[in-house]
Amino acid sequence: MTATDLPERKTYLRQQKAEHQRNVLGVFPAVYPREVLWSLNILPVEIWDPPLQAGRSAAHLPPNTCDVACRGLELILQGHCDDLDGFLFPHTCDSIQNLASIVNDYLGTGKPCFFFHPPRGSNSKAAGLFYRRQLESLASAVRQHFGGPFDAGVLSASVAMGQAIDAAICEIYELRGQDRLRVDNAEFYEILRAGEYLHPNETLPLLKKLTEKTGSVDHRKTPVVLSGVLPSPPAFLRLLDDLDLRIAADDFMNCSRRLQVPPDPIEDPFTALTERYFRMPVCPTRQSTTLQRMQRLIALVGSTRAAGVIFSVLPFCDPELFDLPPLVAELEKRGIRTLVVEAGLNRQLSGQVAVRVEAFAEMIGSGLQ
Ligand code: SF4
Numbered sequence: 004m005t006a007t008d009l010p011e012r013k014t015y016l017r018q019q020k021a022e023h024q025r026n027v028l029g030v031f032p033a034v035y036p037r038e039v040l041w042s043l044n045i046l047p048v049e050i051w052d053p054p055l056q057a058g059r060s061a062a063h064l065p066p067n068t069c070d071v072a073c074r075g076l077e078l079i080l081q082g083h084c085d086d087l088d089g090f091l092f093p094h095t096c097d098s099i100q101n102l103a104s105i106v107n108d109y110l111g112t113g114k115p116c117f118f119f120h121p122p123r124g125s126n127s128k129a130a131g132l133f134y135r136r137q138l139e140s141l142a143s144a145v146r147q148h149f150g151g152p153f154d155a156g157v158l159s160a161s162v163a164m165g166q167a168i169d170a171a172i173c174e175i176y177e178l179r180g181q182d183r184l185r186v187d188n189a190e191f192y193e194i195l196r197a198g199e200y201l202h203p204n205e206t207l208p209l210l211k212k213l214t215e216k217t218g219s220v221d222h223r224k225t226p227v228v229l230s231g232v233l234p235s236p237p238a239f240l241r242l243l244d245d246l247d248l249r250i251a252a253d254d255f256m257n258c259s260r261r262l263q264v265p266p267d268p269i270e271d272p273f274t275a276l277t278e279r280y281f282r283m284p285v286c287p288t289r290q291s292t293t294l295q296r297m298q299r300l301i302a303l304v305g306s307t308r309a310a311g312v313i314f315s316v317l318p319f320c321d322p323e324l325f326d327l328p329p330l331v332a333e334l335e336k337r338g339i340r341t342l343v344v345e346a347g348l349n350r351q352l353s354g355q356v357a358v359r360v361e362a363f364a365e366m367i368g369s370g371l372q
C-alpha cells in the first residue's frame with residue numbers, strides 16, 4: 004500500500020467490520036491509549052478534519068468554536084457515523100469536553116460514549132497512578148460494553164506494535180529532517196495521517212515503505228518547521244510544495260506531539276503505556292509551559308537547520324492561541340523568523356494567506372544566500 008492506493012475511509016471501516024469482526028470507535032482529539040483498543044479488537048478511527056460543509060452544528064455550538072469540534076459534530080449530525088459502534092472523548096480541551104456532553108447527553112445517537120481523562124501538567128507519582136487507573140477503567144468500560152476477556156499477552160503485543168509504529172515514525176522524521184526522504188509535504192502527511200484510521204497491521208508496513216523512499220539532498224528546497232494543530236488544509240501543504248518549502252520538522256498536535264518515545268522494555272503493559280504517556284513531547288493541551296514549547300521549537304529549528312517557523316493557526320483553538328504571542332516574540336528575539344497564518348480545516352486557502360506565505364518564502368530564501 005502507498006499514498007496513492009490508500010483505501011477510502013468508509014469502505015475500509017466496513018471491510019474491517021465484515022472481515023475481522025472489529026468494532027469501530029470514532030475517537031475525538033487528541034491523546035488516547037490506542038493499544039488498549041487494538042487489544043480488544045477495536046479499531047479506533049480518529050475524527051479531526053472530516054471534509055464536510057459545516058451547517059447543522061451551528062445550532063448546537065457557539066460561533067467561536069474551533070473547526071475540529073464543529074466538523075466532528077457535523078459528521079455525526081449529517082449521519083456519517085452510522086458505521087461506528089461508539090465514540091471516545093479524551094479530555095483534551097473545553098471544546099472537546101463540551102462536545103462530549105452534547106453527544107452523550109443530548110443528541111441521542113444510541114451509541115455508547117467513552118471518556119478518557121489523562122492527567123495534565125505533572126509527571127508526579129500520583130499523576131502516574133491516576134493515568135494507570137484511567138487506562139484500566141477505560142479498558143474495563145469498553146470490555147463491559149463490547150464483551151471479550153482481558154488478555155495481558157494480547158495487550159503486551161499491542162503495546163509492542165505501538166512502539167514499533169512510533170519508532171518508524173521517529174525514523175521518518177529523522178530522514179525528513181536530514182532531507183533524505185524523497186516525498187513532498189502533501190504525500191508525507193497523507194501517509195503519516197493514514198494511521199488515524201488504518202489498523203496497525205497495515206500502518207506499520209506503510210511507514211516502513213516510506214522509510215525506503217530515500218535519496219540525495221535537494222538543495223533547492225528551504226527547510227521550515229511548522230507548528231499548530233494539524234497539517235490542513237491540503238491546499239496549504241501544496242502551496243508550500245510549490246514554493247519549495249520543505250517541512251523539515253513539525254510541532255503538530257496530531258503528529259509529532261503524540262509520539263511516544265519507547266522506554267526500556269517493561270513487562271507490565273499498563274506500566275509501559277503509563278511510562279510512555281509521560282515521555283510525549285510538550286503540548287499546551289497537556290499544560291506545557293511556553294518556555295518548554297519554545298525550547299522544543301528551538302531544538303527542532305536547530306536540528307533541521309530550518310530557516311524559520313510557520314505557525315498554522317486554527318481559529319478559536321484557545322490552547323494554541325494563548326501560547327502564540329510569547330512564542331513568536333521570543334523566537335523573533337532569538338533571530339528565528341516566524342510567520343503566523345490562519346486557515347480553517349479543509350477550506351480554500353485565501354489569496355491573502357497565499358501572498359503572505361510567498362513573501363515569507365522569498366524572505367527566508369534570500370536570507371540563506
Ligand atoms: S485543542 Fe484546539 S483545535 Fe483541538 S479541539 Fe481543542 S480547541 Fe479545537
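Per my numbering, the sequence shown starts with residue 4, numbered consecutively.
Note that CB positions come from ideal geometry on N, CA and C, so glycine has one too.
Checklist entry - Around the Cβ of S235, are there at least 16 other Cβ atoms within 10 angstroms (buried) or fewer (exposed)? => result buried
Next on the checklist: I want to check one thing, is the minimum distance from the CB of A61 to the heavy atoms of the ligand SF4 below 7 Å?
Outcome noted: no
Checklist entry - Which of helix, strand or coil does DSSP assign to L210? => result Correct three-state label for L210: helix.
Item to check | Backbone CA spacing between H23 and G338 [nearest angstrom] | outcome: Distance between the alpha carbons of H23 and G338 is about 54 Å.
Item to check | DSSP-derived helix/strand/coil call for F261 | outcome: First, the residue type needs correcting, since residue 261 is Arg and not Phe in the sequence shown. Helix.
Item to check | Span of the alpha helix (DSSP H), counted from its first residue to its last, around C116 | outcome: It is not in any alpha helix (DSSP H) - C116 instead sits in the beta strand (DSSP E) that spans C116 to F119.
Checklist entry - Whose CA, out of H94, H83, A6 and L87, lies closest to the CA of P36? => result Looking only at H94, H83, A6 and L87, the smallest Cα-Cα distance to P36 is reached by H94.
Checklist entry - CA-CA distance, M366 and V360? => result 10 Å
Item to check | Limits of the alpha helix (DSSP H) - the one that L330 falls within | outcome: Its alpha helix (DSSP H) spans residues D321 to K336.
Checklist entry - Can we count V232 as close to the ligand SF4, meaning its CB is less than 7 Å from some heavy atom? => result yes
Checklist entry - DSSP puts A252 in a beta bridge; with which residues? => result V228
Item to check | CB-CB length for L195 against C258, believed under 8 Å | outcome: Their Cβ separation, rounded to whole angstroms, is 6 Å, which keeps L195 and C258 in contact under 8 Å.
Next on the checklist: I need the DSSP call for P93, collapsed to helix, strand or coil.
Outcome noted: strand
Item to check | Continuous alpha helix (DSSP H) assignments of at least 4 residues falling wholly in the segment 141–170 | outcome: none
Item to check | First and last residue of the uninterrupted alpha helix (DSSP H) at V356 | outcome: G354 to L371
Next on the checklist: Please determine whether the Cβ atom of A103 lies at a distance below 7 Å from any heavy atom of the ligand SF4.
Outcome noted: No; taking the cut-off as 7 Å, the Cβ of A103 has no heavy atom of the ligand SF4 nearer than that.
Next on the checklist: My parser needs the alpha helix (DSSP H) runs of 4 or more residues fully inside the segment 271–305; what are they?
Outcome noted: 272–280
Checklist entry - Among R289, S315 and V285, which has the Cα closest to the Cα of A302? => result V285
Next on the checklist: Closer than 7 Å to a non-hydrogen atom of the ligand SF4 - does that hold for the CB of I99?
Outcome noted: yes
Item to check | Heavy atom of the ligand SF4 within 7 Å of A302 beta-carbon | outcome: no
Checklist entry - Could you give the distance in angstroms between the alpha-carbon of A57 and the alpha-carbon of P66? => result The alpha-carbon separation between A57 and P66 amounts to approximately 11 Å.
Checklist entry - In the structure shown, what three-state DSSP assignment does F191 receive? => result helix
Item to check | Pair within 8 Å by beta-carbon distance, C417 and G29 | outcome: Shown here, the chain extends from 4 to 372; a query on residue 417 therefore has no answer.
Item to check | Separation of V344 from D254, as counted between CA atoms | outcome: 15 Å
Checklist entry - When the Cα of R183 is compared with those of A142, G156, P226 and G165, which residue comes out closest? => result P226
Checklist entry - Would you say D182 touches the ligand SF4, meaning its beta carbon is less than 7 Å from a heavy atom? => result no
Item to check | Endpoints, the beta strand (DSSP E) within which E315 is located | outcome: Inspection of the sequence shows that residue 315 is occupied by Ser rather than by Glu. Its beta strand (DSSP E) spans residues V312 to V316.
Checklist entry - Who are the near neighbours of D86 in its chain, counting only those whose CB is closer than 8 Å to its CB and skipping five residues on each side? => result K13, L16, R17, K20 and V27
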